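Protein chains: 2
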Amino acid sequence: MSKHVKEMGILKEHLGKHQLKFTRQRELILDAFLKQEHITAEEMYHQLARKDPHLGLATIYRTLNLFCEAGLAQARHFGTQTQYDNVSHKGHHDHLICTGCGKIVEFENCDIERLQEEVATRNGFTIQTHRLELYGLCSRCRH
Amino acid sequence: MSKHVKEMGILKEHLGKHQLKFTRQRELILDAFLKQEHITAEEMYHQLARKDPHLGLATIYRTLNLFCEAGLAQARHFGTQTQYDNVSHKGHHDHLICTGCGKIVEFENCDIERLQEEVATRNGFTIQTHRLELYGLCSRCRH
DNA sequence: CTTGAAATTGATAAACCGTATCAAAAAGAA
DNA sequence: TTCTTTTTGATACGGTTTATCAATTTCAAG
């Protein structure tokens, strides 16, 4: 039985609103997804191959995109692949990305978040989620 | 004659250091590139098709990657495509994106930029560029 | 507990983006 | 001009993601 009651509820609500169905695969993939901070479709495919050898790669892609629409995941393109971030898993962290070696450092900054809220409010927006990526050179690659 | 004297100099210096040659195509592509804030290889291909119908797409990719190595451009993965940012272009703006109607509002916030620098410094990074997107509902879509 | 319409799945073909390959052309030093 | 090295353009290729479609599953209604 799943421990991810809240997220499962969010998914079911989304499914209900869009005449979509709750399936064994969607439950399986959501459970696996919520255990990670972020994952690629390919990684999940291999990870779940043991539990269900017949689970297709296309289903993984479709389901992860569904999670994005439901607000449970967020897609981030890095290199040639797409990373699916677990939105609920964060005290929403952002990324510092080294353009030299590809290293990724995660960080969290309340002041920035507060200023984002300010900007949004000033423009009449209510923020649901955000994405902040800083690109540059890490100390090692600068030399 | 090009107006981008400084950048042309940077390119030529890079070429000289690496036993590479200065070609008509590289000059043409750099001129076109510097007129934009950011562009994809495909966009540039179509844009330059009028000036030189025989310019190959592979050459565009190779040259834009060369600009990255020379420090004139910065590659960013956006959606499924790669955006090449014009590093010399300042006035970086960020985006508020309405998940309801797709409306995009551009903004600029110095305080956020300053905090970003702080975070980067604390982690030993030197920022080259960044990307900040706030997703939410605009005043009209909230109701 | 059936039944049946509608959605989903898995297998795989196709699309897409960017890179590799290679013969022909161009650059640039001697 | 000559000669060596690099670059170009055309296109084949490789990896990732999406589209297609017959078979299967879901789930609401009877």
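Chains as they are written, first to last, in our numbering: chain L, 1 to 143; chain A, 1001 to 1143. Backbone N, C-alpha and C fix where the C-beta goes; we use that ideal spot for every residue, glycine too. As the structure is a computational prediction, the values presented were derived from the model and not from experiment.
Judging by CA-CA distance, which residue of the options is the nearest neighbour of residue i?
{"i": "CYS1110 of chain A", "options": "L:GLU108, L:LEU115, L:ASP85, L:ASN109", "result": "L:LEU115"}
{"i": "GLU1007 of chain A", "options": "A:ILE1127, A:ILE1060, A:PHE1033", "result": "A:PHE1033"}
{"i": "ALA1073 of chain A", "options": "A:LEU1137, A:HIS1093, A:ASN1086", "result": "A:ASN1086"}
{"i": "GLN1128 of chain A", "options": "A:GLU1108, A:ARG1076, A:PHE1107, A:ARG1142", "result": "A:ARG1076"}
{"i": "CYS1098 of chain A", "options": "A:CYS1141, A:PRO1053, A:HIS1089, A:VAL1119", "result": "A:CYS1141"}
Under 9 Å between C-beta atoms, does residue i make it to chain L?
{"i": "LEU1057 of chain A", "result": "no"}
{"i": "ASN1065 of chain A", "result": "no"}
{"i": "ALA1070 of chain A", "result": "no"}
{"i": "THR1080 of chain A", "result": "yes"}
{"i": "TYR1061 of chain A", "result": "no"}
{"i": "GLU1099 of chain A", "result": "Residue identity differs from the one stated: residue 1099 of chain A is Thr in this sequence, not Glu. Output row for THR1099 of chain A: interface = yes."}
{"i": "ARG1024 of chain A", "result": "no"}
{"i": "MET1001 of chain A", "result": "Per-residue confidence for MET1001 of chain A stands at a pLDDT of 45, beneath the threshold of 50, marking its modelled position as unreliable; the derived number appears in the next sentence. Cβ-Cβ to chain L under 9 Å: no for MET1001 of chain A."}
{"i": "ARG1050 of chain A", "result": "no"}
How should residue i be labelled, buried or exposed, when 16 other C-beta atoms within 10 angstroms of its C-beta is the threshold for buried?
{"i": "LEU1066 of chain A", "result": "buried"}
{"i": "GLN83 of chain L", "result": "buried"}
{"i": "LEU11 of chain L", "result": "buried"}
{"i": "ALA154 of chain L", "result": "What the structure shows of chain L is the stretch from 1 to 143, and residue 154 of chain L is not part of that stretch, so it cannot be assessed."}
{"i": "HIS1130 of chain A", "result": "buried"}
{"i": "GLY1136 of chain A", "result": "buried"}
{"i": "HIS46 of chain L", "result": "exposed"}
{"i": "PHE125 of chain L", "result": "buried"}
{"i": "ILE1104 of chain A", "result": "exposed"}
{"i": "THR121 of chain L", "result": "exposed"}
{"i": "ASP1094 of chain A", "result": "buried"}
{"i": "ARG50 of chain L", "result": "exposed"}
{"i": "HIS54 of chain L", "result": "exposed"}
{"i": "CYS1138 of chain A", "result": "buried"}
{"i": "MET1001 of chain A", "result": "Legend: pLDDT at MET1001 of chain A = 45, less than 50; position of this residue unreliable, value from coordinates given subsequently. Result: exposed."}
Could you tell me whether any Cβ in chain A is nearer than 9 Å to the Cβ of residue i?
{"i": "HIS77 of chain L", "result": "yes"}
{"i": "SER88 of chain L", "result": "no"}
{"i": "TYR45 of chain L", "result": "no"}
{"i": "TYR135 of chain L", "result": "yes"}
{"i": "GLU7 of chain L", "result": "no"}
{"i": "LEU30 of chain L", "result": "no"}
{"i": "LEU11 of chain L", "result": "no"}
{"i": "LEU34 of chain L", "result": "no"}
Using the DSSP secondary-structure output, state which residues sit across from residue i in a beta bridge.
{"i": "VAL105 of chain L", "result": "L:LEU96"}
{"i": "GLN74 of chain L", "result": "L:ASP85"}
{"i": "GLY1136 of chain A", "result": "L:ILE127, A:CYS1098"}
{"i": "ILE39 of chain L", "result": "L:TYR84"}
**Item:** Residues from the stretch 108-133 of chain L in contact with chain A, defined by Cβ distance under 7 Å
**Value:** ASN109, ASP111, ILE112, LEU115, GLN116, VAL119, ALA120, ASN123, GLY124, PHE125, THR126, ILE127, GLN128, THR129, HIS130, ARG131, LEU132, GLU133
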